[in-house]
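Student:
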Amino acid sequence: MIETVVAAQSTRNTNSHNCISQGGTLSVPQLIARLGQRVRVRIRACDVALARQRPTDISVNNLLDGVIAEIRDEMRDETGATVNVRIHVGEVSILARITRLSVDRLQLKPGVPVVALVKAVTFDRRSLGVRHNH
């Protein structure tokens, strides 16, 4: 979970918001919230892709710069083909579940800077927690 604050509302789509966290800005569609309201966003490891450089001309709206903190075997994968990569994005951490082939091809290891790519459409009502400010 990442704690964010609603910072802006899209002028084209009234239910799309930019939420700011310590790790960057997330574009979150289907969000009913007010400016300044706190929102918790759950980012699933299977919804995160990694790149060594910031891509251009891409449909993914959420590009978060980070540094690899740890690479661990995926415990539920008996074949050893997938791993969980923990990425420090600012003061928060997110996980990416990727293949070992991708780790080797991208030469990923702790300390390597990466860009975490998260499609905005992966955020649904179950992954959003709106907190009411008191």
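When the letters of the sequence shown are read in order and numbered with our numbering, they come out as residues 11 to 144. Where a beta carbon is used, it is the ideal one built from N, C-alpha and C, also for glycine.
#1: When we look at the beta-carbon of residue 68 and count the other beta-carbons within 10 Å, is it buried (16 or more) or exposed?
#2: Give me the Cα-Cα distance between residue 128 and residue 89, rounded to the nearest whole angstrom.
#3: If you draw a straight line from the C-alpha of residue 95 to the C-alpha of residue 49, how long is it?
#4: When the Cα of residue 52 is compared with those of 79, 93, 123, 36, which residue comes out closest?
#5: When the Cα atoms are used, what is the spatial distance from residue 76 to residue 91?
#6: Leaving out five residues before and five after residue 93 in sequence, what residues of the same chain have Cβ atoms less than 7 Å from its Cβ?
#7: Starting from residue 114, follow the beta strand (DSSP E) in both directions and report where the run begins and ends.
#8: Which same chain residues, not among the five before or five after residue 121, have their C-beta less than 7 Å away from its C-beta?
#9: For residue 45, count neighbouring Cβ atoms within 10 angstroms of its own Cβ and tell me buried if that reaches 16, exposed if not.
#10: DSSP has residue 94 in a bridge; who is on the other side?
#11: Quick check: what's the CA-CA separation for residue 125 versus residue 87?
Tutor: By the coordinates alone:
#1: Working through the sequence shown from its first residue, we reach residue 68 at position 58. The residue is exposed, with fewer than 16 neighbouring Cβ atoms inside 10 Å.
#2: One-based indexing of the sequence shown puts residue 128 at position 118. One-based indexing of the sequence shown puts residue 89 at position 79. Their Cα atoms are separated by approximately 26 Å.
#3: For this step, residue 95 is matched to residue 85 along the sequence shown. For this step, residue 49 is matched to residue 39 along the sequence shown. Taking the straight line from one Cα to the other gives about 24 Å.
#4: Mapped onto the sequence shown, residue 52 falls at position 42. Nearest C-alpha to residue 52: 36.
#5: The count along the sequence shown starts at 1 and reaches residue 76 at position 66. The count along the sequence shown starts at 1 and reaches residue 91 at position 81. Computed Cα separation, rounded: 23 Å.
#6: If you number the sequence shown from 1, residue 93 lands on position 83. Excluding residues within five positions, the ones whose Cβ falls inside 7 Å are 81, 82, 83, 84, 108, 110, 113.
#7: The residue you call residue 114 lines up with position 104 of the sequence shown. Element bounds for residue 114: not the beta strand (DSSP E) but the alpha helix (DSSP H), 110 to 116.
#8: Within the sequence shown, the letter at position 111 stands for residue 121. Hits under 7 Å: 77, 78.
#9: Within the sequence shown, numbered from 1, the residue matching residue 45 stands at position 35. By the 10 Å Cβ count, residue 45 comes out exposed.
#10: What you label residue 94 is simply residue 84 of the sequence shown in a count that begins at 1. Per DSSP, 82, 107.
#11: Along the sequence shown, one-based indexing puts residue 125 at 115. Along the sequence shown, one-based indexing puts residue 87 at 77. Near 24 Å, if we compare the C-alpha coordinates of residue 87 and residue 125.
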